[in-house]
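S.K.: If you scroll down you'll find the structure; I have some questions about it.
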Amino acid sequence: MSDFLQRYGVFLNVENPDNDARDALLQTVCTASAAERMGFYDAWVAEHHHSPFAIGSALMVLLSQIAACTSTIRLGTGASLLALNDPLRVAEDIASLDLLSGGRIEFGVARGGPFPAQYRPAGIASAEVARERMHEALALIERLWAEPETSFDGRYFHYEGVAVYPRPLQQPVPVWLASLSGDSPGLAAERDYGLMATPSADLGQVAGQVAQERSIRGEFPFAIARFFYCAEDSRLAIEHGVEAVRSYPRLMGVQFAPGKLPPMFAPDAPEAVILANAVIGDPAQCVAQAKALQDRLGSHRLLLKPATHDPELARTALALFAREAGLSAARSSGGAWSASCKA
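Just so we're aligned: the sequence shown equals residues 52 to 394 in the numbering used here.
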């Protein structure tokens with residue numbers, strides 16, 4: 052049984068609306084570092100490729116910078132796109148990050164989401180092929196971390212007598228599947244992985260799937276990301292947050308398969324539908340919405356994805372939530388909070 056009911060974290064996508072890539076990357080590091088000071092439990096960073104807007108393509112590089120600027124907050128890959136990467140390199144990078152961070156890595160993996168432009172340069176024919184490659188790569192990576200020498204003969208990856216070093220500090224590294232569809236829940240149950248729901252996932256559907264999995268599996272690690280915006284003025288918070296959610300599919304270039312479009316991303320989605328699937332409002336409203344998620348989902352991690360392109364507003368919103376929720380500011384150690392990381 053889990054020893055917590057709800058933990059609060061942040062979910063960060065490196066967004067570059069002003070065409071200033073250096074600032075966008077530094078602001079992401081600053082927000083993750085600030086989240087530690089506010090008392091958030093974990094910070095997850097998304098991986099995207101071939102987009103001028105979502106520029107978190109070098110996920111391991113970015114997380115290493117965040118690790119250097121923090122000392123207590125847990126750091127998640129949200130998610131590592133295994134289908135697009137060399138699994139041996141990913142195994143080495145995650146192990147090194149885990150060692151350098153003092154064992155703070157959460158290894159979230161995904162096939163790549165509704166972004167076909169990410170698959171084509173890698174020669175991947177479909178989302179289903181990407182999913183198969185992801186699962187096979189993950190199985191290989193776990194063996195590489197556990198075995199002195201690995202031979203692997205899969206559909207996509209073939210190795211004979213290979214070993215990777217270093218090995219992670221955590222044994223095992225926590226693994227999360229950023230999917231509730233297909234065979235992901237069954238695989239998670241078989242291998243004791245956590246499951247994650249994306250910011251746009253419909254809450255009603257997610258709640259049903261989580262209840263079903265708990266009826267089969269009992270308690271298990273579950274995380275849900277939600278679009279989030281908090282301001283002292285409730286109406287202004289709603290206007291700002293809802294508009295950011297409405298613009299997100301266009302800016303990200305998402306292309307959902309027929310029948311898979313989340314209700315909140317429909318062109319004519321009512322404000323009520325967006326608000327029902329997000330955490331948006333004044334501080335008291337946002338904390339109340341978070342508590343309602345706890346009542347509905349049981350034990351989970353709530354990952355707040357700022358629904359704003361202004362990093363200062365994002366940090367202010369997170370600070371308002373942290374204060375209202377009574378989060379305890381983390382204590383930095385060893386000078387990890389450097390001037391270059393301050394917001």
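Glycine included, each C-beta is placed from N, C-alpha and C at the ideal position.
List the endpoints of the continuous beta strand (DSSP E) containing M247.
M.R.: On the sequence shown, residue 247 is found 196 positions in, with the first residue counted as 1. Unbroken beta strand (DSSP E) run through M247: G245 to A248.
S.K.: Give every residue of the same chain whose Cβ lies closer than 7 Å to the Cβ of P313, excluding the five residues on either side of it in the sequence, and list them in chain order.
M.R.: Taking the sequence shown and counting its residues from 1, one reaches residue 313 at position 262. So the qualifying residues of the chain are S251, A252 and D253.
S.K.: Using the C-alpha atoms, what's the distance from D204 back to Q345?
M.R.: Position 294 of the sequence shown, counted from the start, is the residue given in the question as residue 345. Position 153 of the sequence shown, counted from the start, is the residue given in the question as residue 204. Taking the straight line joining both Cα atoms gives about 43 Å.
S.K.: Per the DSSP calculation, Y210 is bridged to which residue(s)?
M.R.: For the purposes of this step, residue 210 is identified with residue 159 of the sequence shown, where counting begins at 1. Y210 is bridged to F203.
S.K.: Helix, strand or coil: how does DSSP classify A258 here?
M.R.: Numbered from 1 along the sequence shown, position 207 holds the residue referred to as residue 258. Here A258 sits in helix by DSSP.
S.K.: If you draw a straight line from the alpha carbon of L231 to that of V257, how long is it in whole angstroms?
M.R.: Locating residue 231 in the sequence shown gives position 180, where the first residue counts as 1. Locating residue 257 in the sequence shown gives position 206, where the first residue counts as 1. Going from the Cα of L231 to the Cα of V257 covers about 8 Å.
S.K.: Look at M247 and L220 and say whether their C-beta atoms are less than 9 Å apart.
M.R.: As a working note, residue 247 is residue 196 in the sequence shown. As a working note, residue 220 is residue 169 in the sequence shown. Contact: no.
S.K.: Hey, quick one: how far does the beta strand (DSSP E) through L353 stretch, first residue to last?
M.R.: Sequence index remark: in the sequence shown, residue 353 carries index 302 (1-based). Unbroken beta strand (DSSP E) run through L353: H351 to P357.
S.K.: Which whole-angstrom value is the C-beta distance of R352 and D93, which I expect to be below 8 Å?
M.R.: Translated into positions along the sequence shown, residue 352 becomes position 301. Translated into positions along the sequence shown, residue 93 becomes position 42. Indeed, because the Cβ distance is near 7 Å, the residues count as touching under 8 Å.
S.K.: Establish whether the CB of R297 and some CB of chain C are separated by less than 9 Å.
M.R.: In the structure shown, chain C cannot be found, because there is only a single protein chain.
S.K.: Per DSSP, what kind of secondary structure is V61 in: helix, strand or coil?
M.R.: What you label residue 61 is simply residue 10 of the sequence shown in a count that begins at 1. Looking at V61 - three-state DSSP - the assignment turns out to be strand.
S.K.: Start and end of the alpha helix (DSSP H) containing F372?
M.R.: By 1-based counting over the sequence shown, the position of residue 372 is 321. Its alpha helix (DSSP H) spans residues P362 to A376.
S.K.: What residues in its chain sit with their C-beta under 6 Å from that of Q260, if we drop five residues either side in the sequence?
M.R.: Mapped onto the sequence shown, residue 260 falls at position 209. Closer than 6 Å at the Cβ level, and outside the excluded window around Q260, lie L231.
S.K.: Quick one: using the 10 Å Cβ neighbour count with 16 as the cut-off for buried, is K356 buried or exposed?
M.R.: As a position in the sequence shown, residue 356 is number 305, starting the count at 1. Answer is buried; the Cβ neighbour count reaches 16.
S.K.: What are the residues that DSSP puts in a beta bridge with S131?
M.R.: Residue 131 sits at position 80 when you count from the first residue of the sequence shown. Partner(s): V160.
S.K.: Classify A317 as helix, strand or coil using the three-state DSSP reduction.
M.R.: Stepping through the sequence shown from its first residue, residue 317 is reached at position 266. The answer is coil: DSSP assigns A317 none of H, G, I, E or B.
S.K.: What is the rounded straight-line gap between the Cα of R206 and the Cα of E187?
M.R.: As a working note, residue 206 is residue 155 in the sequence shown. As a working note, residue 187 is residue 136 in the sequence shown. Their backbone Cα atoms lie some 8 Å apart in a straight line.
S.K.: Considering only residues of the same chain and omitting the five flanking positions on each side of A173, which have a CB-CB separation below 8 Å?
M.R.: Sequence index remark: in the sequence shown, residue 173 carries index 122 (1-based). These residues qualify, in order along the chain: A134 and L135.
S.K.: Out of I156, A308, D319 and N70, point me to the one whose CA is closest to E294's CA.
M.R.: For this step, residue 294 is matched to residue 243 along the sequence shown. Out of I156, A308, D319 and N70, D319 has the C-alpha closest to the C-alpha of E294.
S.K.: Among the candidates S298, M303, C281 and D361, whose CA atom is the shortest distance from the CA of E375?
M.R.: Position 324 of the sequence shown, counting from 1, holds the residue named residue 375. Of S298, M303, C281 and D361, the residue nearest in Cα terms is C281.
S.K.: Assess, as a yes-or-no matter, whether the segment 283 to 293 is touched by the segment 320 to 337 under the definition of 3 or more beta carbon pairs within less than 8 Å.
M.R.: Segments in contact, yes.
S.K.: Looking only at its chain, what residues have a beta carbon closer than 8 Å to the beta carbon of D144, apart from the 5 residues adjacent to it on each side?
M.R.: Locating residue 144 in the sequence shown gives position 93, where the first residue counts as 1. Answer for D144: M111, listed in chain order.
S.K.: Would you list the one or two residues that DSSP bridges to I331?
M.R.: If you number the sequence shown from 1, residue 331 lands on position 280. DSSP output for I331 lists Y280 as bridge partner(s).
S.K.: Over what stretch of residues does the alpha helix (DSSP H) that includes L191 continue unbroken?
M.R.: Translated into positions along the sequence shown, residue 191 becomes position 140. Residues A178 to A197.
S.K.: Could you give the distance in angstroms between the alpha-carbon of A190 and the alpha-carbon of G163?
M.R.: By 1-based counting over the sequence shown, the position of residue 190 is 139. By 1-based counting over the sequence shown, the position of residue 163 is 112. If you take the alpha carbons of A190 and G163, they lie about 17 Å apart.
S.K.: Distance check for A341 and G331, CA to CA, integer angstroms please.
M.R.: Stepping through the sequence shown from its first residue, residue 331 is reached at position 280. Stepping through the sequence shown from its first residue, residue 341 is reached at position 290. Before going on, a small fix: residue 331 reads as Ile here, not Gly. Rounded to whole angstroms, I331 to A341 spans 10 Å at the Cα level.
S.K.: DSSP on D253, reduced to helix/strand/coil?
M.R.: Here residue 253 corresponds to residue number 202 of the sequence shown, with the count starting at 1. If DSSP states are grouped into helix, strand and coil, D253 belongs with coil.
S.K.: Residues bridged to D234 by DSSP?
M.R.: The residue given as residue 234 occupies position 183 in the sequence shown. Per DSSP, none; premise fails for D234.
S.K.: Thinking C-alpha only, which one of G349, L139, L378 and I175 is nearest P217?
M.R.: The residue given as residue 217 occupies position 166 in the sequence shown. That would be L139, whose Cα lies nearest to the Cα of P217.
S.K.: Is A105 helix, strand or coil when you go by DSSP?
M.R.: As a position in the sequence shown, residue 105 is number 54, starting the count at 1. The answer is strand: DSSP assigns A105 an E or B state.
S.K.: Per the DSSP calculation, V226 is bridged to which residue(s)?
M.R.: Position 175 of the sequence shown, counted from the start, is the residue given in the question as residue 226. DSSP, once it has assigned bridges, lists F158 as partnering V226.
S.K.: In three-state DSSP terms, what is R88?
M.R.: Mapped onto the sequence shown, residue 88 falls at position 37. If DSSP states are grouped into helix, strand and coil, R88 belongs with the helices.
S.K.: Could you tell me which of R182, S152, E198 and D361 sits nearest to D71, measuring between CA atoms?
M.R.: In the sequence shown, the residue the question calls residue 71 occupies position 20. With distances taken between Cα atoms, D71 lies closest to D361.
S.K.: Using the Cβ count rule (16 or more neighbours within 10 Å means buried), how would you classify E66?
M.R.: Residue 66 sits at position 15 when you count from the first residue of the sequence shown. Its Cβ being crowded by 16 or more others within 10 Å, E66 is buried.
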